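**Q** Sharing a structure with you now.
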Amino acid sequence: MAAEPKGCKELVNEVIEAGLCTLCGACTGNCPYLVYHKGRIALLDNCTISDGQCYKYCPRTCTDLDAISQQVFGKPYSEEEIGAAKEILIARTTDKRVRGKAQYGGVVTTLLSLALTEGLIDGAVLTKTSDDKTANPVLARSEKEIFQCAGSNYMACPVLGPYNQIPRDDSSKLGIVGTPCQVLAMTKMKNTPPINRANIRNVKLVIGLFCTWALSPDKFHRFLKEKLDLSKVKKFDIPPPPANRFDVYSTPDKISFPLDEIRQFTMPTCAYCLDMTSEFADVSVGSVEGIEGWDTVVIRTDIGAELVKTAKDKKKLETDKLPLENLAHLKEAALLKKKRALKEIANRSGDEKNLLYVGLSPNSAKKLLA
Ligand SMILES: Cc1cc2nc3c(=O)[nH]c(=O)nc-3n(C[C@H](O)[C@H](O)[C@H](O)COP(=O)(O)OP(=O)(O)OC[C@H]3O[C@@H](n4cnc5c(N)ncnc54)[C@H](O)[C@@H]3O)c2cc1C
1339 MAAEPKGCKE LVNEVIEAGL CTLCGACTGN CPYLVYHKGR IALLDNCTIS DGQCYKYCPR
1399 TCTDLDAISQ QVFGKPYSEE EIGAAKEILI ARTTDKRVRG KAQYGGVVTT LLSLALTEGL
1459 IDGAVLTKTS DDKTANPVLA RSEKEIFQCA GSNYMACPVL GPYNQIPRDD SSKLGIVGTP
1519 CQVLAMTKMK NTPPINRANI RNVKLVIGLF CTWALSPDKF HRFLKEKLDL SKVKKFDIPP
1579 PPANRFDVYS TPDKISFPLD EIRQFTMPTC AYCLDMTSEF ADVSVGSVEG IEGWDTVVIR
1639 TDIGAELVKT AKDKKKLETD KLPLENLAHL KEAALLKKKR ALKEIANRSG DEKNLLYVGL
1699 SPNSAKKLLA
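Each residue of the sequence shown is one higher than the one before, starting from 1339 at the first, in this note's numbering.
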């Protein structure tokens, strides 16, 4: 039976006011009622559309994981801990300049630049850290602009807003880099193409980031501003366990905060997220425990495989095997995130049926929780 259509009213009730909004930006940019304002999605006026694209693409509304998996991989949802993967390896850029600015291995920046020069994309929707250290979505159209976005800003950013603003008749081929919730929203758009927006088929490359949680842009930014001179901050980092710290590289020193002090600023919605590795991306990228300056790279689609192969052939990336121990840890961490999220969802609703809102059948959920 087809799900009952829902719109802005339900999005506000079930997601935004329920504290489940991820700030992915999928409901903004093309809508006159919903706007991103100071770290939250604000409703400017009541919308009466009963079948809203805002509700449809939200990563926290009911998601048919099998349907979107068919769309990306041509097969039902993989219940593997880290989703569907063709190959998993470690890599780093060969470009010293990128190495100097990137978060870890610079794989994301290097793949984007290569995709641009090879003509796979004409631009990419990315996140840029501004001088005041806020995270802002941008449409980067040159290698220089891609380079300016290198590095991780751990604050949630409504990256899909600028995508929604691209004029309908713009046929530029696009890439997008996002966290798992952003990638999920983008995949829902691919599965049910939006109307009155640029053709979703123009999105040619989706690079996903690993993510355990993101920080509230409003509260965390205020905290940082009280503690630091933000004009001197160069980089944020969350070193892998057992470090348990949030590092801020400032001049002249590095300042570390215990992770427990930072956790109060995580987005509450991250507790309900099942995906640590951006399972619907073409390529997913995250750190490598114990191997500094490299990225773990999960190649998921033919497009991802082709791009990484070209990067290797053109000596833009050097690659190596992911040690088996690292793979085991990665799977363990991803599974832990799923189990924690399912418990939170069950606690919240007290009704197993509501587990369906993340697209898992009650049987799959039970299997994961076992
Ligand atoms: C909120 C968040 C949480 C993360 N959590 C983990 C984790 O738990 N474990 C792990 O292994 N890795 C995590 N990462 C990924 C990691 O920090 C690196 O982004 C990844 O390893 C790629 O490194 P790189 O050197 O190849 O990227 P770079 O070449 O430096 O490129 C980084 C890219 O990240 C994008 N970006 C920066 N900030 C944001 C943001 N706030 N939202 C969306 N995109 C952004 C930029 O557009 C840029 O293109 C997280 C990243 C973010 C943004």
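In this text, a Cβ means the ideal position worked out from N, Cα and C, and glycines have one as well. The structure presented is a predicted model; accordingly, all values stated were derived computationally and were not measured.
Using a threshold of 7 Å, is the CB atom of GLN1441 nearer than that to any non-hydrogen atom of ligand 1?
**A** Locating residue 1441 in the sequence shown gives position 103, counting from the first residue. Yes, ligand 1 has a heavy atom inside 7 Å of this Cβ.
**Q** May I ask you to report which of helix, strand or coil DSSP gives GLU1663?
**A** For the purposes of this step, residue 1663 is taken as residue 325 along the sequence shown, with counting starting at 1. If DSSP states are grouped into helix, strand and coil, GLU1663 belongs with the helices.
**Q** Going by Cα to Cα distance, which pick from LYS1347, LYS1676, ALA1405 is closest to CYS1392?
**A** As a first step, residue 1392 is located in the sequence shown; it is residue number 54 there, counting from the start. Residue LYS1347 is the option with its Cα nearest to CYS1392.
**Q** DSSP has HIS1375 in a bridge; who is on the other side?
**A** Counting from one through the sequence shown, the residue named residue 1375 turns up at place 37. Paired residue(s): ARG1378.
**Q** Do you know whose CA, among LEU1361, LEU1645, ASP1389, LEU1498, lies nearest GLY1377's CA?
**A** Counted from its first residue, the sequence shown places residue 1377 at position 39. When each option's Cα is compared against that of GLY1377, the closest is LEU1361.
**Q** Per DSSP, VAL1353 is paired with what?
**A** Within the sequence shown, residue 1353 is the residue found at index 15, counting from 1. Answer is none; VAL1353 lacks a bridge partner.
**Q** Report the three-state DSSP secondary structure of ALA1523 (helix, strand or coil).
**A** Position 185 of the sequence shown, counting from 1, holds the residue named residue 1523. Helix at ALA1523.
**Q** Identify the residues that DSSP records as bridge partners of PHE1595: which are they?
**A** Along the sequence shown, one-based indexing puts residue 1595 at 257. Bridge partners of PHE1595: PHE1584.
**Q** Do you know whose CA, among PRO1532, PHE1548, ARG1686, LEU1547, lies nearest VAL1541's CA?
**A** Start at 1 with the first residue of the sequence shown, and residue 1541 comes out as number 203. It is PRO1532.
**Q** What residues are listed by DSSP as bridge partners for GLY1516?
**A** Taking the first residue of the sequence shown as 1, we reach residue 1516 at position 178. Paired residue(s): GLY1546.
**Q** What number of angstroms, rounded off, separates the C-alpha of LEU1645 from the C-alpha of GLU1663?
**A** Taking the first residue of the sequence shown as 1, we reach residue 1645 at position 307. Taking the first residue of the sequence shown as 1, we reach residue 1663 at position 325. Answer to the nearest angstrom: the Cα atoms are 26 Å apart.
**Q** Sorted by chain position, which residues of the same chain lie with C-beta nearer than 7 Å to ALA1536's C-beta, five sequence neighbours on each side aside?
**A** As a working mapping, residue 1536 is identified with position 198 in the sequence shown. Here the set comprises ILE1504, PRO1505, ARG1506, ASP1508.
**Q** Would you mind listing the alpha helix (DSSP H) stretches within the region 1365–1450 that are 4+ residues and don't spill past its ends, in chain order?
**A** If we require 4 residues or more, the alpha helix (DSSP H) runs fully inside the region 1365–1450 come out as 1391–1395, 1403–1411, 1434–1439.
**Q** Since I believe PHE1548 is in contact with SER1622 (beta carbons under 8 Å), could you give me their beta-carbon distance rounded to a whole number of angstroms?
**A** Locating residue 1622 in the sequence shown gives position 284, counting from the first residue. Locating residue 1548 in the sequence shown gives position 210, counting from the first residue. Contact holds; Cβ gap of about 7 Å.
**Q** According to DSSP, is THR1337 helix, strand or coil?
**A** No statement about residue 1337 is possible, as the shown extent of the chain runs from 1339 to 1708 and does not include it.
**Q** Given 7 Å as the limit, tell me if TYR1415 has its C-beta closer than that to any heavy atom belonging to ligand 1.
**A** Counted from its first residue, the sequence shown places residue 1415 at position 77. Checking the Cβ of TYR1415 against ligand 1 gives no.
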